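As structure tokens, the structure follows; a few thoughts come after it.
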Amino acid sequence: MRSLKQRLVPFWLLGPGLLWLIFFFVVPMYFMGELALYSGSLRSGFELTWAFENFPNALSGHEEQILRSFFYAGTATLLCLLIGYPLAYAIAFRAGRFKTLLLFAVIAPFFTTYLIRTIAWKTILSDDSPVVSVLQTLSLTPGDGRVLATSGAVIAGLTYNFLPFMILPLYANLERLDLRLVEAAKDLYSSSRTAFLKVTLPLTMPGIVAGVLLTFIPAFGDYINAELLGGTGQAMIGNVIQSLYLNQRNYPEAAALSFLMMALILVIVLVYIRFAGTEAFMGDEDDAEGAK
Amino acid sequence: MVSKDRQQGGAAAVLAVMVAIVALVLGLAACGGGGGGGGDSSEAPTAKAGPVKGDLTISNWPGYIEPGKDGTVAEFEDETGVSVKYIEDVNDNEDFLGKLQPQLEQGESGGRSIFVVTDWMAELMYDLGYLQEINSDDLPTVFENMSASLRDPSFDPGRKFSIPWQSGMTGIWVDQSKAPEIKSINDLFDPKYKGKVTMLSEMRDTVALVMKAEGVDPAEATNEDWLAAIDKVKSAVDSGQIRRFTGNEYNEDLNAGNVVAAIGWSGDASIISNENAEWVMPTEGCVLWSDNMVIPVGAPNTPAALGWMEFVYQPEVAVKLAEYITYVSPVEGLEDLAKPEVAKNPLVFPTPEFQKNCSTQVSPPDVEEVEEAWQDVLTG
Amino acid sequence: MSAAARAWAWLRHNALPIYAGLAVAYMLIPIVVIAVFSFGDTPKDKLTFTLDDGFTWEYWRTMFDIPELNDALSTSLRLAFFSTLISTAIGTAMAIALVRHRFRGKRLANLLIVIPMATPEVVIGASLLSMFIYYTFALGFTTLLIAHVMFSISFVVVVVRSRLIGFDRNLEEAAADLGASPLTTFRTVTLPLLAPGVIAAALLAFALSIDDFVISNFNSGTTVTFPLYVYGVSLRGIPVQVNALATLLFLVAVIAVSLVLVQQRRAERMAAVQPEAEPDGPIPLPGTAATQ
Numbered sequence: 003m004r005s006l007k008q009r010l011v012p013f014w015l016l017g018p019g020l021l022w023l024i025f026f027f028v029v030p031m032y033f034m035g036e037l038a039l040y041s042g043s044l045r046s047g048f049e050l051t052w053a054f055e056n057f058p059n060a061l062s063g064h065e066e067q068i069l070r071s072f073f074y075a076g077t078a079t080l081l082c083l084l085i086g087y088p089l090a091y092a093i094a095f096r097a098g099r100f101k102t103l104l105l106f107a108v109i110a111p112f113f114t115t116y117l118i119r120t121i122a123w124k125t126i127l128s129d130d131s132p133v134v135s136v137l138q139t140l141s142l143t144p145g146d147g148r149v150l151a152t153s154g155a156v157i158a159g160l161t162y163n164f165l166p167f168m169i170l171p172l173y174a175n176l177e178r179l180d181l182r183l184v185e186a187a188k189d190l191y192s193s194s195r196t197a198f199l200k201v202t203l204p205l206t207m208p209g210i211v212a213g214v215l216l217t218f219i220p221a222f223g224d225y226i227n228a229e230l231l232g233g234t235g236q237a238m239i240g241n242v243i244q245s246l247y248l249n250q251r252n253y254p255e256a257a258a259l260s261f262l263m264m265a266l267i268l269v270i271v272l273v274y275i276r277f278a279g280t281e282a283f284m285g286d287e288d289d290a291e292g293a294k
Numbered sequence: 055m056v057s058k059d060r061q062q063g064g065a066a067a068v069l070a071v072m073v074a075i076v077a078l079v080l081g082l083a084a085c086g087g088g089g090g091g092g093g094d095s096s097e098a099p100t101a102k103a104g105p106v107k108g109d110l111t112i113s114n115w116p117g118y119i120e121p122g123k124d125g126t127v128a129e130f131e132d133e134t135g136v137s138v139k140y141i142e143d144v145n146d147n148e149d150f151l152g153k154l155q156p157q158l159e160q161g162e163s164g165g166r167s168i169f170v171v172t173d174w175m176a177e178l179m180y181d182l183g184y185l186q187e188i189n190s191d192d193l194p195t196v197f198e199n200m201s202a203s204l205r206d207p208s209f210d211p212g213r214k215f216s217i218p219w220q221s222g223m224t225g226i227w228v229d230q231s232k233a234p235e236i237k238s239i240n241d242l243f244d245p246k247y248k249g250k251v252t253m254l255s256e257m258r259d260t261v262a263l264v265m266k267a268e269g270v271d272p273a274e275a276t277n278e279d280w281l282a283a284i285d286k287v288k289s290a291v292d293s294g295q296i297r298r299f300t301g302n303e304y305n306e307d308l309n310a311g312n313v314v315a316a317i318g319w320s321g322d323a324s325i326i327s328n329e330n331a332e333w334v335m336p337t338e339g340c341v342l343w344s345d346n347m348v349i350p351v352g353a354p355n356t357p358a359a360l361g362w363m364e365f366v367y368q369p370e371v372a373v374k375l376a377e378y379i380t381y382v383s384p385v386e387g388l389e390d391l392a393k394p395e396v397a398k399n400p401l402v403f404p405t406p407e408f409q410k411n412c413s414t415q416v417s418p419p420d421v422e423e424v425e426e427a428w429q430d431v432l433t434g
Numbered sequence: 055m056s057a058a059a060r061a062w063a064w065l066r067h068n069a070l071p072i073y074a075g076l077a078v079a080y081m082l083i084p085i086v087v088i089a090v091f092s093f094g095d096t097p098k099d100k101l102t103f104t105l106d107d108g109f110t111w112e113y114w115r116t117m118f119d120i121p122e123l124n125d126a127l128s129t130s131l132r133l134a135f136f137s138t139l140i141s142t143a144i145g146t147a148m149a150i151a152l153v154r155h156r157f158r159g160k161r162l163a164n165l166l167i168v169i170p171m172a173t174p175e176v177v178i179g180a181s182l183l184s185m186f187i188y189y190t191f192a193l194g195f196t197t198l199l200i201a202h203v204m205f206s207i208s209f210v211v212v213v214v215r216s217r218l219i220g221f222d223r224n225l226e227e228a229a230a231d232l233g234a235s236p237l238t239t240f241r242t243v244t245l246p247l248l249a250p251g252v253i254a255a256a257l258l259a260f261a262l263s264i265d266d267f268v269i270s271n272f273n274s275g276t277t278v279t280f281p282l283y284v285y286g287v288s289l290r291g292i293p294v295q296v297n298a299l300a301t302l303l304f305l306v307a308v309i310a311v312s313l314v315l316v317q318q319r320r321a322e323r324m325a326a327v328q329p330e331a332e333p334d335g336p337i338p339l340p341g342t343a344a345t346q
């Protein structure tokens with residue numbers, strides 16, 4: 003029999019976080035939502051006119067940036083996964099005592115602030131640098147023989163800056179993997195590749211789902227990589243919202259576009275979860291038990 | 055499994071909690087305001103004068119004052135006993151307005167007594183009712199020493215709410231070792247420099263210069279003129295002619311050798327380490343602008359703010375500022391006091407002859423329409 | 055086995071660590087660049103990323119000479135510390151509730167976790183600011199802390215949750231069978247097993263806080279954080295001391311983690327020498343994380 007006290011435990015656990023998010027996220031978002039239905043300008047004043055046309059207006063003309071954001075964030079997430087999974091695996095199982103040190107090395111770049119890291123990269127990748135000359139001879143440069151101010155640079159920036167967001171959840175989940183299962187699989191399936199595909203991968207799926215979400219979602223709304231590393235024609239939807247809010251001071255349209263963007267991401271996330279399996283995301287233990 | 059009764063009991067509890075939360079949110083939100091705006095300047099308060107003492111908080115652009123014990127702030131503190139908090143958080147006019155707008159809307163300035171913003175932003179803030187007016191009787195030194203050309207700008211005749219801090223010119227920084235033949239904005243559209251040219255994201259600089267190069271006077275330009283110039287820039291963007299649009303960071307590309315020319319500001323020599331780069335006055339003329347001190351609504355200690363303005367307009371103080379900042383001082387007649395090499399620098403002491411084709415920075419007739427078209431090009 | 059075959063076998067066996075090593079090197083490239091240029095003399099003491107003027111220790115000697123830089127850095131470190139503490143605690147609690155307990159509204163709670171990650175920073179920053187102003191909160195360290203915790207909670211939840219999913223409850227049931235109270239079980243069994251996930255989440259929260267620019271910019275009032283300081287000075291030239299400090303931070307952190315490692319090894323050696331001594335923490339079982 004579960005006592006009332008026991009039934010309330012989840013609420014005690016959830017409470018502080020939920021309240022924090024409600025007061026400091028939901029309430030401000032409510033104001034934003036209201037703002038999306040306003041019309042007017044800063045000079046003439048904003049007022050609530052139930053301007054639902056703000057939503058299609060915000061969207062029109064910006065489809066290219068939305069698709070581009072999807073492409074950039076998606077590519078960056080894929081690259082992060084390809085680079086991050088082996089690294090997380092190595093840290094979890096081959097690093098021994100140096101685990102924490104290596105995990106630390108993963109986030110250490112963040113101590114230097116985004117701007118300085120990016121300036122360092124821009125120095126390495128400037129048009130006249132030896133690195134770019136090598137890339138040019140290998141015909142690896144996008145654009146007209148330069149690396150900076152191209153889509154490649156923006157994607158590289160996104161990948162680099164979001165790697166920790168992929169590695170840390172992967173590691174958290176991978177570390178729990180019982181290597182005996184992997185050993186058993188290798189015995190069963192003679193090839194390590196099959197063992198990986200049939201045992202390791204499914205078992206670590208929750209980590210992959212978490213990593214992909216933590217990387218893709220913020221990358222989609224990012225604006226700073228495109229601003230500093232991109233040129234003309236690399237603007238993402240984050241840059242559009244920034245421009246609407248700060249440069250055009252069109253607060254209603256900025257709010258409307260933000261909500262549309264959030265809705266779009268939610269749809270993508272829900273589709274993804276359906277595809278990857280709910281238990282990998284929702285983590286209902288009973289579902290997971292059933293899957294076993 | 056959990057019995058049906060238990061499930062329903064649990065469900066009812068959760069539902070009750072959720073309803074309570076939603077009610078709370080709506081209740082809070084119902085008290086909330088919206089985006090505000092629609093201010094007006096007709097009842098702007100006048101900044102009160104008085105004894106200069108106490109604390110003073112100033113928000114200015116980076117690099118506009120000499121730091122440390124020998125700097126202007128220290129001098130002011132020594133002379134008046136005022137304790138100054140000098141913050142360099144104006145990185146961009148629009149970013150600054152964006153972060154201060156909710157407070158200004160409520161008549162607060164976040165503790166600041168002085169901002170320094172560019173002409174058009176000062177005008178916008180005033181129109182929105184975010185600024186206090188300044189009585190010229192309270193600022194004898196300022197109005198005695200201010201350059202004649204700055205006394206009656208079109209956006210603030212008689213200087214009722216803005217006092218110039220430094221002025222500057224927008225022209226072209228050219229790497230003389232790579233493209234010495236660039237002398238006009240039109241040269242930037244030459245395909246042989248494709249991808250090696252940057253322009254400022256500031257519409258009132260770039261588009262105005264493009265218009266001037268087409269023979270249009272920005273002060274007289276119609277909306278169509280602005281939009282036509284924006285179209286010209288857009289074609290250059292589509293063809294890959296323009297590498298990117300920048301704020302202050304055009305110096306990075308110049309220093310790294312990524313570009314041969316960049317539209318940029320005259321006083322930035324101190325941040326450009328490329329020795330071959332020189333600021334060129336375009337043949338069709340430059341754009342003139344000033345960054346101005348303004349007093350926001352809700353500013354604490356306006357007497358000290360006025361005292362600061364008086365202080366920096368004294369010639370001895372103004373000449374030191376000009377030598378450090380290398381922009382154009384608003385104080386007249388400093389050539390005799392300045393160091394010789396500075397006095398000869400046309401970027402710090404421009405002659406009327408030097409500036410003969412220049413236009414002051416203006417806004418387009420229909421700001422919103424033109425701004426939107428411009429932002430579409432920037433975020434294209 | 056021929057030499058070539060042995061070399062190939064060695065390569066295959068070590069492919070993973072080699073790859074991981076390359077990945078870590080990639081992550082550290084900007085740090086190396088930053089460190090190198092902290093020794094480069096420059097005419098105006100502003101960062102130029104060239105070594106034309108020779109080597110100097112000057113900026114390391116004068117590292118703490120810029121009061122604004124020191125204030126900004128200490129503000130950011132304090133902010134990150136408290137933000138990490140609070141958000142990790144709240145987020146871990148939420149993750150436990152979400153994975154282990156059944157209750158209605160779980161889907162809604164899950165959604166509430168994901169949405170903040172999907173919101174563009176300028177929208178979060180601006181809407182929080184409006185709310186703070188409306189309710190006349192004074193802007194400063196407290197509002198920054200509130201904002202930082204708010205955007206970190208979601209990331210902590212996702213990371214901890216990915217570790218919790220499929221967690222083996224047997225150990226905890228065993229502890230309960232042995233007579234441990236729920237709190238003791240939590241303290242001695244659950245928490246240590248959860249530790250890698252919590253540490254990973256805390257690292258992520260720390261990185262998020264120390265590197266945040268946009269949201270801090272809106273909600274800082276006149277307080278200056280390290281990223282805000284760097285952004286401000288970057289317009290007129292970054293003092294080289296910034297590089298020196300950033301490198302120092304990195305070194306200090308690496309040394310601190312290494313010291314912890316050395317300490318752990320020493321503790322292990324002591325435990326091996328005195329087998330009668332009570333081991334701290336849970337009884338290690340073979341093949342689980344706790345043996346690390």
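Protein chains in written order, with the working numbering: chain X, 3 to 294; chain H, 55 to 434; chain D, 55 to 346. Note that CB positions come from ideal geometry on N, CA and C, so glycine has one too. In this text the structure is predicted, and so the values were computed from the model without any measurement.
Same chain only: Cβ atoms within 6 angstroms of residue i, ignoring 5 sequence neighbours per side
i, result
"H:Gly89", "Confidence in H:Gly89 is poor, its pLDDT being 47 and thus under 50, which makes the residue's placement unreliable; the coordinate value appears in the next sentence. Nothing listed; no residue qualifies."
"H:Asp2", "Residue 2 of chain H lies beyond the residue range present for chain H, which begins at 55 and ends at 434; the question has no answer from this structure."
"H:Trp428", "Met257 and Ile284"
"H:Tyr441", "Within the shown structure, residues of chain H are numbered from 55 to 434, placing residue 441 of chain H beyond reach of any answer."
Pair within 8 angstroms by beta-carbon distance, residue i and residue j
i, j, result
"X:Gly209", "D:Ser216", "yes"
"H:Val171", "H:Val348", "yes"
"H:Val106", "H:Gly361", "yes"
"X:Ala97", "H:Thr433", "no"
"H:Ala176", "H:Phe215", "yes"
"X:Tyr116", "D:Pro281", "yes"
Cβ neighbour criterion (16 or more within 10 Å) applied to residue i
i, result
"X:Glu185", "exposed"
"D:Ile72", "exposed"
"X:Ile118", "buried"
"D:Gly108", "exposed"
"D:Asp119", "exposed"
"D:His202", "buried"
"X:Val271", "buried"
"D:Met185", "buried"
"D:Phe304", "buried"
"D:Met324", "exposed"
"X:Lys124", "buried"
7 angstroms CB neighbourhood of residue i in its chain, flanking five on each side removed
i, result
"X:Leu176", "Ala90, Tyr91, Ala94, Thr206 and Gly209"
"X:Thr1", "Summary: the structure shown does not reach residue 1 of chain X, with chain X confined to residues 3 through 294, and so no result is reported for it."
Close beta carbons around residue i, own chain, < 8 angstroms, minus the five adjacent residues each side
i, result
"D:Trp111", "Phe93"
"X:Phe67", "With the sequence shown as reference, residue 67 of chain X is identified as Gln, and Phe is not the correct amino acid for it. Within the same chain, X:Gln67 has close Cβ partners Ala237, Met238, Ile239, Asn241 and Val242."
Host alpha helix (DSSP H) of residue i (start-end)
i, result
"X:Tyr253", "Tyr253 to Ala278"
"H:Arg258", "Met257 to Ala267"
"H:Pro218", "H:Pro218 -> not in any alpha helix (DSSP H); beta strand (DSSP E) instead, spanning Ile217 to Asp229."
CB-CB length for residue i against residue j, believed under 8 angstroms
i, j, result
"D:Val210", "D:Ser288", "Not really, about 30 angstroms apart at Cβ, beyond 8 angstroms."
Extent of the continuous beta strand (DSSP E) to which residue i belongs
i, result
"D:Val284", "Counting along the chain, D:Val284 falls outside any beta strand (DSSP E), though it belongs to the alpha helix (DSSP H) covering Phe280 to Ser288."
"X:Ser41", "Tyr40 to Ser43"
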